[in-house]
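With my numbering applied, the sequence shown corresponds to residues 149 to 247, in that order. Written out below as structure tokens is the structure these notes cover.
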Amino acid sequence: MHKKMFVCLSLFIALPSFAEGNQELLEKLAVAKMTGLCGAVQQMARFQSTAQLKSGQEFIDKFVDSEAARLGIHRAQFLKGCESASRKYDKYLSELETE
């Protein structure tokens with residue numbers, strides 16, 4: 149138990165110094181995370197459009213609203229964020245492919 153606490157405390161102390169020197173990396177990680185979340189929502193919408201589950205669209209709407217609220221933004225901002233994250237992700241991926 150003490151070992152777990154030590155590891156957690158060490159990470160907590162090291163994270164701010166890691167973040168200071170790695171803003172670009174943190175930005176790319178955030179973009180990747182948002183792109184993944186948005187991709188999952190997009191897949192749910194595609195599935196619902198073909199499966200036509202009862203209350204399926206309501207579930208998706210509530211899920212998106214919940215994620216937007218968790219991030220402290222409105223649904224429209226969340227959807228714009230998805231578009232932006234997707235464009236940035238594609239840009240980053242293209243840069244990696246050309247290296």
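Positions of the beta carbon are idealized from the N, C-alpha and C atoms, including for glycine.
Opening and closing residue of the alpha helix (DSSP H) in which residue i lies
i	result
Gln200	Per DSSP, Gln200 belongs to no alpha helix (DSSP H) and is neither H nor E.
Glu245	Arg223 to Thr246
Same chain only: Cβ atoms within 7 Å of residue i, ignoring 5 sequence neighbours per side
i	result
Leu183	The amino acid at residue 183 is misidentified as Leu; the sequence shows Thr. Ala233, Ser234 and Tyr237, listed in sequence order.
Gln196	Gly204, Gln205 and Ile208
Cys186	Cys230, Ala233 and Ser234
Leu177	none
Glu245	none
Beta-carbon proximity check, residue i vs residue j, cutoff 9 Å
i	j	result
Phe211	Leu219	no
Val189	Glu215	yes
Open item on the list: With three or more beta-carbon pairs closer than 8 Å as the criterion, would you say the stretch 177-195 touches the stretch 218-234?
Closed with: At 8 Å Cβ cutoff, the stretches touch.
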